[in-house]
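Protein chains in written order, with our numbering: chain A, 160 to 327; chain B, 40 to 540. These notes are about the structure you will find just below.
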Amino acid sequence: MSPSVDRRTDIGVALGLIVICAAIIIETLDLPPGTFEPLGSAPVPRTTATIIILLCGLVIARAARRPASAGGNTGESGNAGEEGDEPANGYGHALVTVLLTLAYAAAIHMRLSTFAVLTTLYLVATIGWLTGFRPRLLPAIAVTALVVGFGCQYIFTRIFVVDLPGLQ
Amino acid sequence: MIDGLLSGLALVFQPWAFFLCVLGTVLGITVGAIPGLTGAMLIALTLPLTYYMAPTEAVVLLIAMYVGAVTGGLITATLLRMPGTPSNVMTTFDGYPMARAGRPGRALGLGISASFIGGLVSWVFLFLLAKPLSIWATRFGPFEYFTLILMAMVLIASVSQGSLVKGLIAGLLGMLASMPGVDPSAGQPRLTFDWYMLNGGLKLLPVLIGVFAVSQIINDILELGKRVERIEASSRGLLMSLRDWLRHALNMLRSSLIGTFVGILPGVGASIGSVIAYTVAKNVSKTPDAFGKGSESGIVASEAANNATVGGALIPLIAMGIPGSVIDAILIGALMIHSIQPGPTLFLTNGDVVWAMIAACLVANFVMLLVMTGSVGWVARLATIPRQFLLPVIIVFCVVGSFGLDNTMFDVWVMLVFGLIGFALERARYPLGPFVIGFVLAPLMEEKLRSGLMMTAGSITPIFTRPVALVFLIAAVALLTWSLVSEWRQRQATQQTGKSH
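Printed below as a string of structure tokens:
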């Protein structure tokens, strides 16, 4: 069995899933019944969402019965077989990386610049952040970012002849 | 069948295909050796590049990556006590202590040899069983298929990491995620929330890259600060003597058979195979106390079994279109991208592709043996590339790969959203394997159910009157009941232990 997970995480994720499934059930209400076949479009997603809600209810009930002290971070690391908890700054690193990635995606979606430039900037920012912007590493970061950014643009557009996101 | 195999080998030994086979194996080994990067991630990211290849070349590359990735993880499991992939976890228990005791070459040699034998044994079963099984499966009607997939889903949920309930939720969520878009049976949009971008549905590739690559990257970033003690690889003792081969032959064969059988079960991956083989090897060993302290048998059992799952897992994929593991689910996606419909008629419709897959599985095992034996030290060095540099670069490839599918940023956003969903699910211990397999199998399951109901004017009676469908249904119900009861018992036992303390 899995090591216990924080009670709030269990309840929070289960509640989130219930909300999503409820929205799906509501969405299926507008679907007309099948005309050429007996089942129609709605029953399968509706039944699936309903079962998920019931199972989430079970998860919440189990989590609520568990003592608040049970769980915590023990064994929550994502990779099987690895031990110990994440370093304290792990969440900060992950959060900033996610935000930078979302900003990167938004920038290429809005075509603010070319793929090569945006990728180079993204890599400098993200690798720099993850390495603590140590001056000793900055040249290596810059080289990596430039090689990946402009190298990818060259390889994908000239060799694989694939379109890349961002300004062309 | 021999003719088919020879034609497959002829395809694989064409210069470009053979180059792809070697490249795929090397990349697989390298990625498998880097903790945090998995074969599933590599194959998902490679899919966009295969659009431009012939289907036979694409499957050769992907199968070679699959074989390489399962094996590569043993390097870091042995030298860094960090399993390169989850399927190498059991190898760390004995590989690392042996390496620390000054015998890293011996530990790696045992692992490489066992991996090779595991791969070969499972390949024999793949070669012998895939075609007969596919011929048998052609007799399946929609209800047999529906109940088979139902059984597979229950099996996947019950054996995946974590609780059964969470496994079921993950599988059902995956099914639900595959349903938005135009309903193929009725031709009308559903679950689109009046958003036209969803009319085309959520595509497999961005969902896969998000769930496997992005969520894994976030997890890896959380663990960047971990320090690991590294042991230098040594080639001393890498090659096994004839006496060693004979001494470990029984264990290798038994573990390979366990791995192959576990691989055949839908959705049950290499991790479970290696755990079972390791446990069996320990139970039958005359020196069970040595396990976990550098036992040679432990390394052999774990590595033979996890590699044997590769060939085993390909059997249901080729014969019935049912993925034997998460990577097989991605391979199904790869076939569909090339307009190849996996299923029992695959031998008839795309025999060249099937035989190329089977031949690639064999050739990649030999390539793996040579590459691992010849370059284990180099691969071990590659595994120490700072992840602070590596992970952001992989994110860039995720973006390019998702965008390349249809040249639309919508797929990039889908990939990122599913990355966050995958991360949240994993933090709450919902297994991601059932999610992806549910996503892949749900359209087929719904299609079979609905076409079956059309044939019978809405009656589900054939599920109970057709023998094969009934057997699958009973197996599904029995599996579910057994898993629920054992989980309940385990909970009771845990509570009793808690009270007594």
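Quick reminder that beta carbons are idealized off the backbone N, C-alpha and C, glycines included.
- In the three-state reduction of the DSSP assignment, Pro228 of chain B falls in the strand class, which pools E and B.
- Of all alpha-carbon atoms in B:Tyr235, B:Phe330 and B:Ala343, the one lying nearest the alpha-carbon of Trp284 of chain B is that of B:Ala343.
- With a 10 Å radius around the Cβ and a threshold of 16 neighbouring Cβ atoms, Trp55 of chain B comes out exposed.
- For Val438 of chain B, the nearest beta carbon of chain A is closer than 8 Å to its own beta carbon.
- Residue nearest to Thr168 of chain A within the set B:Phe462, B:Gln535, B:Pro506 and B:Phe185 is B:Phe462 (criterion: CA-CA distance).
- As the crow flies, the alpha-carbon of Met494 of chain B is around 14 Å from that of Thr194 of chain A.
- Distance between Thr278 of chain A and Ile357 of chain B, taken at the CA atoms: about 39 Å.
- One finds nothing in chain A with a Cβ atom closer than 7 Å to the Cβ of Val193 of chain B; even the nearest lies about 12 Å away.
- Identification of chain A residues near Phe503 of chain B by a Cβ-Cβ cut-off of 9 Å yields none; the smallest Cβ-Cβ distance measures about 17 Å.
- Residue contact with chain B for Pro197 of chain A: present (Cβ-Cβ distance below 8 Å to some residue of chain B).
- Neighbours of Phe315 of chain A in chain B, taken as residues whose beta carbon is under 9 Å from its own, are Val439 and Gly443 in chain order.
- The alpha helix (DSSP H) runs of length 4 or more contained entirely in the stretch 419 to 480 of chain B are, from start to end of the chain, 426 to 445 and 448 to 466.
- Taking C-alpha positions only, Leu113 of chain B is separated from Ala347 of chain B by approximately 14 Å.
- By DSSP's assignment, Val65 of chain B forms no beta bridge with any residue.
- The C-beta separation of Ser295 of chain B from Gly157 of chain B comes to about 4 Å, placing the pair in contact by the 8 Å criterion.
- Within the same chain, Phe462 come within 6 Å of Ile257 of chain B by CB-CB distance, once the 5 residues on both sides are set aside.
- At a Cβ-Cβ threshold of 8 Å, Thr177 of chain B and Gly150 of chain B do not count as neighbours.
- Looking at the backbone, the Cα of Leu464 of chain B and that of Val172 of chain A are separated by about 7 Å.
- Contact check for Val339 of chain B and Gly302 of chain B: beta-carbon distance about 18 Å, past the 8 Å limit, so the pair fails to qualify.
- DSSP places Val321 of chain A outside any alpha helix (DSSP H), giving it a letter other than H or E.
- Assigned with DSSP and collapsed to three states, Gly193 of chain A falls in coil, not helix or strand.
- Buried is the label assigned to Thr95 of chain B, since at least 16 other Cβ atoms lie within 10 Å of its Cβ.
- Setting aside the 5 residues that flank it on each side, Cys180 of chain A is surrounded in the same chain by Ala208, Ile211 and Ile212, each with a C-beta closer than 7 Å to its C-beta; the list follows chain order.
- Taking the Cβ atoms as the reference, Met454 of chain B lies roughly 6 Å from Val253 of chain B, within the contact range of under 8 Å.
- Beta-bridge pairing by DSSP links Gly220 of chain B to B:Arg229.
- Counting along the chain, Ser152 of chain B sits inside the alpha helix (DSSP H) bounded by residues Pro143 to Ala176.
- Leu176 of chain A is classed as buried because its beta carbon has at least 16 other beta carbons within 10 Å across all chains shown.
- Remark: C-beta atoms of Ala275 of chain A and Phe309 of chain A approach each other more closely than 8 Å.
- In this model, Ala508 of chain B and Gly491 of chain B are separated by some 12 Å (Cα to Cα).
- Here the alpha carbon of Asp450 of chain B sits roughly 35 Å from the alpha carbon of Gly180 of chain B.
- A direct Cα-to-Cα measurement between Tyr235 of chain B and Asp445 of chain B gives close to 16 Å.
- Excluding the 5 residues flanking it on each side, Leu48 of chain B has same chain C-beta neighbours closer than 6 Å at Ala398, in chain order.
- The C-beta distance from Ile248 of chain B to Cys437 of chain B rounds to 5 Å, short enough to fall under 8 Å.
- Cβ atoms of Ile354 of chain B and Ala103 of chain B stay farther apart than 8 Å, at about 18 Å.
- Apart from sequence neighbours up to five positions away, the residues of its chain that approach Val109 of chain B with a beta-carbon distance below 7 Å are Gly71, Gly78, Thr124, Ser126, Ala309, Asn345, Asn346 and Val349, ordered along the chain.
- For chain B, the residues of the stretch 170 to 186 of chain A that bring a beta carbon within less than 9 Å of one of its beta carbons are Gly171, Val172, Ala173, Gly175, Leu176, Ile179, Cys180, Ala182, Ile183 and Glu186, in chain order.
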